[in-house]
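2 protein chains.
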Amino acid sequence: MESRYASRIFEALSSEVRLDVFRLLVKHAPDGLVAGDIARLLDLPATNLSFHLKALVQSGLVHGEREGRFLRYRASIPLMLDIIAYLTAQCCSGRPECCRAFREESGVDARFLPPVAAPSSDRKA
Amino acid sequence: MESRYASRIFEALSSEVRLDVFRLLVKHAPDGLVAGDIARLLDLPATNLSFHLKALVQSGLVHGEREGRFLRYRASIPLMLDIIAYLTAQCCSGRPECCRAFREESGVDARFLPPVAAPSSDRKA
DNA sequence: GGGATAGTTCAACAACTGTTGAAATAAGTC
DNA sequence: GACTTATTTCAACAGTTGTTGAACTATCCC
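In structure tokens, the structure reads:
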């Protein structure tokens, strides 16, 4: 993934409203939710939600699909995995031994972290 | 991690310049780089770099420390691990079986993805 | 202290973002 | 076709962001 593309994805998640929308859609994967349900659950004005959904769709993190009168939105889990892999590759590909040390220091539950990859020069970064 | 806090971190990475600076600092962890080196390596005007470094420091993703005449900046690897863990927990905690399926579909190298956590209700999310 | 180097802060400005209410589109129901 | 519901687009506006050159602060060296 290129940094230009990655920064667009981070931009999509840089608004608390959009992050909440995205998290809600991830929680409701793979069925997704229609716009009205999102608006109700997050207590957002329809017009404002629509603005943020557009941004999420343009980033690729969310897909929309008409369903009769409704529009159903779904989180793109593959793209989410991509961005996790991107961050992880940035972190560990240079110095696995350093990354390992930090993992032990940090209070993060290891179940939520990727394995430390073996060192090698050319990666998906 | 709260979503308000997470969105601030994503905001810090939402500019291509800042993402490039951060990646460079991650690459040079744990020694970091002084501002002038960053400016030279990324071909940025000092004043503009300073603006972005300030944003990165405020987000917590980067720390600065005076070193004589220079200011040395370092990436906060622990916070980076936190944000990876946050994304991962969002993704998998709901429906591991769904996440697993997507992982197999997506072309992402599994070495860069966290293990699929066992389902349980209350997580670091 | 005076001069050089490293880096930041300031002021100005154009460009972009997020919010809102009003109007428009799209699809179902009678 | 007229009516209702779901959602988006539009126009306006306030607020924020990113860029630049000029001025400032901090540190080192003589």
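The listed protein sequences derive, respectively, from chains A and B. Numbering of the first sequence is given in our numbering, commencing with residue 1 and proceeding in unit increments. Numbering of the second sequence is given in our numbering, commencing with residue 1 and proceeding in unit increments. The beta carbon of each residue, even a glycine, is placed where N, CA and C say it ideally should be.
Give the secondary structure of residue i by DSSP, where H, G and I count as helix, E and B as strand, and everything else as coil.
| i | result |
| --- | --- |
| S15/A | coil |
| G64/B | strand |
| R74/B | strand |
| L33/B | strand |
| D82/B | helix |
| L53/A | helix |
| R69/A | coil |
| D43/A | coil |
Please return the same chain residues whose Cβ sits closer than 7 Å to the Cβ of residue i, not counting the five positions on each side in sequence.
| i | result |
| --- | --- |
| L42/B | D20, V21, L24 |
| L13/B | L19, F22 |
Going straight from the alpha carbon of residue i to that of residue j, what length do you get?
| i | j | result |
| --- | --- | --- |
| G32/A | E2/B | 22 Å |
| V34/A | G60/A | 17 Å |
| E133/A | Y73/A | What the structure shows of chain A is the stretch from 1 to 125, and residue 133/A is not part of that stretch, so it cannot be assessed. |
| D37/B | S15/B | 20 Å |
| L71/B | A39/B | 12 Å |
| A6/B | E67/B | 30 Å |
| V57/B | T88/A | 21 Å |
For residue i, which residues in chain B fall below 7 Å Cβ to Cβ?
| i | result |
| --- | --- |
| E16/A | S3, R4, S7 |
| E11/A | S14 |
Assuming the contact rule is C-beta atoms closer than 8 Å, residue i and residue j should be a hit. Round their C-beta distance to whole Å, please.
| i | j | result |
| --- | --- | --- |
| A55/B | R18/B | 6 Å |
| A75/B | A29/B | 5 Å |
By Cβ distance below 8 Å, which residues in the same chain neighbour residue i in space, the five residues on each side in sequence not counted?
| i | result |
| --- | --- |
| S50/A | A35 |
| I77/A | V26, A29, P30 |
| V62/B | V21, F22, L25, L53, L56, Y73, R74, A75, S76 |
Take residue i and list the residues in its own chain whose beta-carbon comes closer than 6 Å to its own, dropping the five residues that flank it on each side.
| i | result |
| --- | --- |
| I9/B | S59, I83 |
| E11/B | none |
| A46/A | A39 |
| L44/A | none |
| M80/B | none |
Going along chain B in order, which residues have a C-beta closer than 8 Å to the C-beta of residue i?
| i | result |
| --- | --- |
| R23/A | S3, Q90 |
Which residues in chain A have a C-beta closer than 8 Å to the C-beta of residue i? List them in chain order.
| i | result |
| --- | --- |
| L87/B | M80, I83, I84, L87 |
List, in order along the chain, the chain B residues whose C-beta lies closer than 9 Å to that of residue i?
| i | result |
| --- | --- |
| D20/A | S3, S7 |
| I38/A | Chain B residues near I38/A: none, gap ~15 Å exceeds 9 Å. |
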